[in-house]
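Last residue of the sequence shown: 556 in my numbering, with the numbers rising by one and none dropped. Every residue gets a Cβ at the ideal spot worked out from N, C-alpha and C, and that includes glycine. Notes follow once the structure below has been shown.
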Amino acid sequence: MNLLGISSLFLANGAAIGLGVALGVVAVAAVILLVLYIRHVQKTKKAELELGEASERAQKMVAEAQAECKALKKEAILEAKEQELKLRNDFERESKEKRAELTKQEQRLTQREDNLDKREDSLTKKSDALEQQQKKLAEREQEIKKTQDKINHQHELMVQELEKVAQLTKDEAKTLLTNEILDETRHDVALQVRNIEQTAKEEATNEAKKIITLAIQRCAADHTSEVTVSTVSLPSDDMKARIIGREGRNIRALENATGIEFIIDDTPEVVILSGFDPIRREVARLSLEKLIADGRIHPARIEETVEKVKKELDNEIKQAGESAMFEVGIFGLHPELIKLIGRLKYRTSYGQNVYRHSIEVALLAGLMAQELGLDVNFAKRAGLLHDIGKAVDHEQEGTHIRLGADLAKKYKENANIVNAIEAHHGDVEPKTVEAVLVAAADAISGARPGARRETGTNYVKRLEKLEEIASGFNGVEKSYAIQAGREVRVVVKPDQIDDAQALFLAKDIAKKIESELEYPGQIKVNVIREFRSVEYAK
């Protein structure tokens, strides 16, 4: 078979296959269309059936709704009628109540009008009566005025007659009478003041004496000590040459290292140390004693000994401060304040050791505070610190009061403690009773016998100033300072100062002494008025 024959065979078979396939596809499409049509017809019938059923249900619902609407309409009409009936009944009831209330108010108003009418009638009657009384009073006033005019006329005539008899005018007589009344009143007041003051002073003095005496009896104290000079005993006069050294080098080294003057004179076996700083003077004394005991005296050894003594003295000062604190019975002081208290052991004031004086003031203030039921610890603390400024007054400018207050503030002491320090000499007003006790204890400690030593010059000046203050008042004839300045007697002129004025004069002199004079303790002002009548028989 050739190629053409084969190709023709293949073409004939392909055409037959293609025709068969096309007929198959057409048959399938026809079947599908038939199925779709049948389903459409079924759906259409089903929809018509459902539509008929829905229409029937809708008609039933409309009928039911119409029936329900009619029932609701009937119920609403019935409720509206019932509500209308209820409102009508309520309205009629409220109307009846308001009408009844209005009736009652009308009755009350009517009754009130009747009462007002009656009251108006009564007021009218009272007004008529008052008018009649006013007329009578006016007539009575006229009669009284006439009588008063007659009395005034008679009084003027009597005054004129009295002025003629007494030879004084009305104003002069009034002035004279007023002065007499004022003198009598002043005299009576002065007597009453004197009696009250005497009674109060007696009671206060007795109580104060009791408290102060008890405090002093329970507190022992030392007497005065040296002020600016210390002495060192020598084993022999040969030691003086060793202290002086070759060309005076040893004594110069001592003075330079200690800041104290060494006085070596003809006094046998004694070296005098002179200086205002008590700490330096004590360092010099102890150093010289150690050098004498050691026997080696030369500049290097002097410097070494002085430094060693300074360290030892610092420890002693600290121990002295702690001892004072324990002796008084207070705790919690700042370490620097404790050291400053220890420094007071080597400080004197008017010959009185300030360390012992501070302890004494603390104990006295504490004892008096205990007797009075006050704060004992506060009084002791303020008493121990009241002169703390004297520990540094050789090194810093200012009074010991100002320096002490600044130190107390610096080391966080209580404000009342600072006030007690400032007020113990009266520079400021005390804010607490304990501050007053500290000032009193300070005066007691300084004024007791043997406590302080005063130079003769200062003593004479104080007495002269005391007499000068007393003699500076009008009416004073003479004044005398007696009992070592503890009392001033003032003799007044009796024709210028009466008894009442003498009382006030004593007060004025005392106030001026307090403001202008510094003195320990207290000064008694004794004003003496003496009237003498002298006549001679011839």
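Element boundaries [alpha helix (DSSP H), containing residue i]
i	result
residue 441	433-441
residue 566	The requested residue 566 is not part of the displayed model; the chain covers only 19 to 556.
residue 446	No alpha helix (DSSP H) holds residue 446; DSSP gives it neither H nor E.
residue 388	372-390
residue 399	394-403
residue 410	Unbroken run through residue 410: none, as it is neither H nor E.
residue 422	418-428
residue 320	317-346
From the options, residue whose alpha carbon lies closest to that of residue i
i	options	result
residue 496	548, 458 and 307	548
residue 420	431, 429, 436 and 213	436
residue 296	58, 422 and 372	372
residue 342	422, 376 and 150	376
residue 266	248, 254, 255 and 280	280
residue 560	300, 313, 173 and 284	One cannot answer for residue 560 here, as it falls past the ends of the chain, which runs 19 to 556.
residue 546	509, 183 and 534	509
residue 286	305, 317, 311 and 251	251
residue 446	523, 382, 533 and 370	533
residue 177	289, 192 and 46	192
residue 527	314, 551, 86 and 493	493
residue 210	99, 522 and 114	522
residue 313	254, 217 and 325	254
residue 208	554, 541 and 525	525
residue 426	140, 131 and 400	400
Terminal residues of the beta strand (DSSP E) in which residue i lies
i	result
residue 351	That residue, residue 351, is in no beta strand (DSSP E); it is neither H nor E in DSSP.
residue 498	494-500
residue 505	505-510
Test: residue i CB closer than 9 Å to a CB of chain D
i	result
residue 45	Among the chains in the structure shown there is no chain D, since it carries only a single protein chain.
Nearest-angstrom Cβ-Cβ length linking residue i and residue j, presumed shorter than 8 Å
i	j	result
residue 398	residue 380	5 Å
residue 406	residue 355	7 Å
residue 478	residue 506	Not quite, the Cβ-Cβ distance comes to about 15 Å (not below 8 Å), so this is no contact.
residue 422	residue 403	7 Å
residue 395	residue 348	6 Å
residue 278	residue 291	5 Å
residue 443	residue 294	Not a contact, Cβ separation roughly 22 Å.
residue 357	residue 384	The Cβ separation is near 23 Å, so there is no contact.
residue 503	residue 481	5 Å
residue 289	residue 306	7 Å
residue 260	residue 315	5 Å
residue 434	residue 450	5 Å
Sufficient close CB pairs (3 or more, under 8 Å) joining the segment 312-326 to the segment 272-292: Contact between the segment 312-326 and the segment 272-292 is present, because at least three Cβ pairs lie under 8 Å.
With a threshold of 8 Å, are at least 3 pairs of Cβ atoms found where one atom belongs to the segment 197-205 and the other to the segment 514-527? In short, these stretches touch, since the Cβ pair count reaches three.
Should the segment 456-466 be regarded as contacting the segment 480-489, the criterion being three or more beta carbon pairs within less than 8 Å? Touching, no, given that fewer than three Cβ pairs across the two stretches are closer than 8 Å.
Please give me, in chain order, every unbroken run of the beta strand (DSSP E) with length at least 3 that falls completely inside the segment 518-556. Counting only runs of 3 or more, we get 542-547.
Please give me, in chain order, every unbroken run of the alpha helix (DSSP H) with length at least 4 that falls completely inside the segment 40-94. Whole alpha helix (DSSP H) segments, 4+ residues: zero.
Three-pair Cβ contact test at 8 Å for the segment 334-347 versus the segment 360-373: The segment 334-347 is in contact with the segment 360-373.
Three or more C-beta pairs under 8 Å: does that hold for the segment 385-398 against the segment 444-456? Output reads yes: the segment 444-456 touches the segment 385-398.
Please give the ranges of any alpha helix (DSSP H) in the segment 257-310, keeping only runs that are unbroken, at least 4 residues long and fully inside the region. Note on the segment 257-310: whole alpha helix (DSSP H) runs with a minimum of 4 residues are 267-276, in chain order.
Segments assigned beta strand (DSSP E), at least 3 residues, entirely inside the segment 132-203: Complete beta strand (DSSP E) runs here, min 3: none at all.
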